[in-house]
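The structure under discussion appears below in the form of structure tokens.
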Amino acid sequence: MADSDLLDKLVSLAKRRGYIFQSSEIYGGTGSVWDYGPLGVELKRNVKDAWWRSMVHERDDIEGLDAAILMHPRVWEASGHVEEFTDPLVECRNCHRRFREDTLQAEGGTAEMANVRCPACGVTGQWTEPRQFNLMFRTHMGPVEGEGSVVYLRPETAQGIYVNFLNVQSTARQRVPFGIAQIGKAFRNEITPGNFTFRTREFEQMEMQFFVEPGSDAEWFERWREARMRWMLEDVGLSADRLRYHPHEKLAHYASAAGDIEFFFGGTIGDAGWGEIEGIHNRTDFDLRRHQEYSGKRLDYIDPGTQKRFLPYIIETSAGADRVTLAVLADGYREEQVEGETRVVLGLKPSLAPLKTGVFPLVKKDGMPERATRIHQELRRRGIQSFYDEAGAIGRRYRRQDEAGTPYGITVDGETLESGTVTVRDRDTMEQVRIAEDQIASYLSERIG
Ligand code: GAP
Numbered sequence: 001m002a003d004s005d006l007l008d009k010l011v012s013l014a015k016r017r018g019y020i021f022q023s024s025e026i027y028g029g030t031g032s033v034w035d036y037g038p039l040g041v042e043l044k045r046n047v048k049d050a051w052w053r054s055m056v057h058e059r060d061d062i063e064g065l066d067a068a069i070l071m072h073p074r075v076w077e078a079s080g081h082v083e084e085f086t087d088p089l090v091e092c093r094n095c096h097r098r099f100r101e102d103t104l105q106a107e108g109g110t111a112e113m114a115n116v117r118c119p120a121c122g123v124t125g126q127w128t129e130p131r132q133f134n135l136m137f138r139t140h141m142g143p144v145e146g147e148g149s150v151v152y153l154r155p156e157t158a159q160g161i162y163v164n165f166l167n168v169q170s171t172a173r174q175r176v177p178f179g180i181a182q183i184g185k186a187f188r189n190e191i192t193p194g195n196f197t198f199r200t201r202e203f204e205q206m207e208m209q210f211f212v213e214p215g216s217d218a219e220w221f222e223r224w225r226e227a228r229m230r231w232m233l234e235d236v237g238l239s240a241d242r243l244r245y246h247p248h249e250k251l252a253h254y255a256s257a258a259g260d261i262e263f264f265f266g267g268t269i270g271d272a273g274w275g276e277i278e279g280i281h282n283r284t285d286f287d288l289r290r291h292q293e294y295s296g297k298r299l300d301y302i303d304p305g306t307q308k309r310f311l312p313y314i315i316e317t318s319a320g321a322d323r324v325t326l327a328v329l330a331d332g333y334r335e336e337q338v339e340g341e342t343r344v345v346l347g348l349k350p351s352l353a354p355l356k357t358g359v360f361p362l363v364k365k366d367g368m369p370e371r372a373t374r375i376h377q378e379l380r381r382r383g384i385q386s387f388y389d390e391a392g393a394i395g396r397r398y399r400r401q402d403e404a405g406t407p408y409g410i411t412v413d414g415e416t417l418e419s420g421t422v423t424v425r426d427r428d429t430m431e432q433v434r435i436a437e438d439q440i441a442s443y444l445s446e447r448i449g
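The letter at position 226 of the sequence shown is residue 226 when you use my numbering, and the numbering goes up by one with no holes.
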């Protein structure tokens with residue numbers, strides 16, 4: 001399959017199986033925001049849970065936080081977003097469509113705008129001078145609209161962590177080095193959103209800020225870079241040959257070192273198909289220093305052992321929940337030829353799959369539906385997400401679950417009624433084994449992880 005086809009196939013599969021829908025579809029939709037359907041919400045939640053488990057639950061040195069989306073407007077002056085969070089915007093004088101200048105230059109293979117064609121109307125070189133466009137959404141707090149009531153929808157979750165640094169440190173009695181983790185929505189008025197859920201105007205971030213003593217920052221940066229790559233490989237199960245680490249040459253205003261974990265999506269995403277799914281940054285003491293300056297409150301830390309006073313440096317790991325979820329879908333998608341037919345499979349890691357098993361009566365008679373329903377309900381009671389399906393030929397039912405990414409399928413047949421055994425079908429190999437009915441839950445639990 002050509003790379004460029006993959007995203008189209010995913011958009012169609014995601015809609016067909018209830019993973020992802022266009023937002024406000026009945027009104028014609030928007031190209032910049034998406035809704036997660038019944039299976040999508042479970043998959044994305046499993047991704048976020050895996051992150052929270054590895055960052056917060058399995059560590060003594062990271063605390064969780066859920067800060068508000070709306071913050072004091074001065075936060076965004078201190079962070080540099082009011083001044084610096086901009087992209088260069090140009091408009092085609094012929095069709096009046098607007099684009100990011102740097103994206104047009106990269107796609108056109110030239111920095112000379114006179115030679116760049118408008119992707120919308122095809123006219124070459126009719127561009128306005130670039131102007132810096134701020135990506136933050138502005139709104140008003142309270143019933144009076146005016147400059148004094150302006151607030152922003154946060155463009156990153158990180159700032160909620162910085163302003164709570166001392167609250168969390170003191171109440172959780174943490175000592176530097178330690179981290180604060182948060183998952184939440186962020187909003188950016190991207191000039192050119194697109195590529196499905198890869199670049200949207202509303203998305204979710206999984207961010208962790210690790211506070212360290214200056215001087216130990218380079219070592220912690222390295223440790224987090226390795227840990228995050230390991231998480232993508234082991235916990236998310238992304239293929240090693242589709243992951244790479246890409247160090248930044250051009251650094252953001254707050255960073256002294258930075259790099260991205262990139263996934264190979266193919267098509268028009270990122271750099272020849274490689275798109276960023278997580279950024280890792282050494283933010284120095286930029287953030288705490290600026291918040292200290294703008295708020296007038298001291299944010300330095302006193303080490304209780306050495307009595308040393310310092311402003312911690314911050315190592316940030318910032319992953320997009322939507323982009324990691326899209327990478328999981330892209331990595332799992334495959335088509336195979338089976339007995340002259342195309343079998344579409346979503347090879348999701350079982351621990352992330354929304355449904356763990358389908359339960360099917362072979363036929364709709366002889367007490368099989370009742371027996372299968374009992375098994376299905378018992379699995380749900382034990383917290384194993386199961387889907388009961390008695391509609392259509394058994395082969396069809398298997399295929400529907402293959403496409404949905406369900407790793408196992410349990411079939412109740414004539415032998416179940418005689419000997420109390422069922423077949424368990426493996427999504428990837430399509431092989432079936434026969435096991436006792438009372439072994440189903442433990443058989444699945446061992447394999448789901
Ligand atoms: N606090 C640092 C920060 O926000 P970033 O590299 O701008 O860094 C981090 O964003 C992650 O957020 C990216 O790696 C990506 O996964 C996700 N992200 C950023 N912009 C996005 C967008 N428009 N749509 C979807 N995800 C986005």
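Just so you know, even glycine gets a beta-carbon here, dropped at the ideal spot from N, CA and C.
Quantities reported herein were computed from a predicted structural model and do not represent experimental measurements.
The C-alpha of residue 233 is placed about 11 Å away from the C-alpha of residue 226. If you ignore the 5 residues before and after residue 150, its C-beta comes within less than 7 Å of the C-beta of 73, 138, 140, all in its own chain and listed in chain order. Under the DSSP definition of a beta bridge, residue 279 partners with 260, 318.
Under the three-state reduction of DSSP output, residue 185 falls in the strand class. When the Cα atoms are used, residue 181 and residue 97 turn out to be separated by approximately 39 Å. In the DSSP annotation of this structure, residue 445 is not part of any beta strand (DSSP E); the continuous alpha helix (DSSP H) holding it starts and ends at 440 to 448.
Not a single heavy atom of the ligand GAP lies less than 6 Å from the C-beta of residue 262.
With distances taken between CA atoms, residue 89 lies nearest to 131 out of 331, 425, 131, 27. The beta strand (DSSP E) runs of length 3 or more contained entirely in the stretch 389 to 448 are, from start to end of the chain, 408 to 412, 421 to 426, 432 to 436. Look at the beta carbons and you see the stretch 364 to 374 touching the stretch 402 to 414: at least three pairs across the two are nearer than 8 Å.
Within a 10 Å sphere around the beta-carbon of residue 159 sit 16 or more other beta-carbons, which makes this residue buried.
Residue 89 is bridged by DSSP to 100, 131. The stretch 29 to 42 and the stretch 11 to 19 touch, with no fewer than 3 CB-CB distances between them shorter than 8 Å. Within the DSSP secondary-structure output, residue 387 pairs in a beta bridge with 358. In the DSSP assignment, residue 229 falls within the alpha helix (DSSP H) that extends over 217 to 230. Bridge partners of residue 52 according to DSSP: none are assigned.
The beta carbon of residue 196 is closer than 6 Å to those of 7, 11 in its chain, skipping five residues each way along the sequence.
The ligand GAP never approaches residue 160 closely enough for any of its heavy atoms to be under 6 Å from the residue's Cβ.
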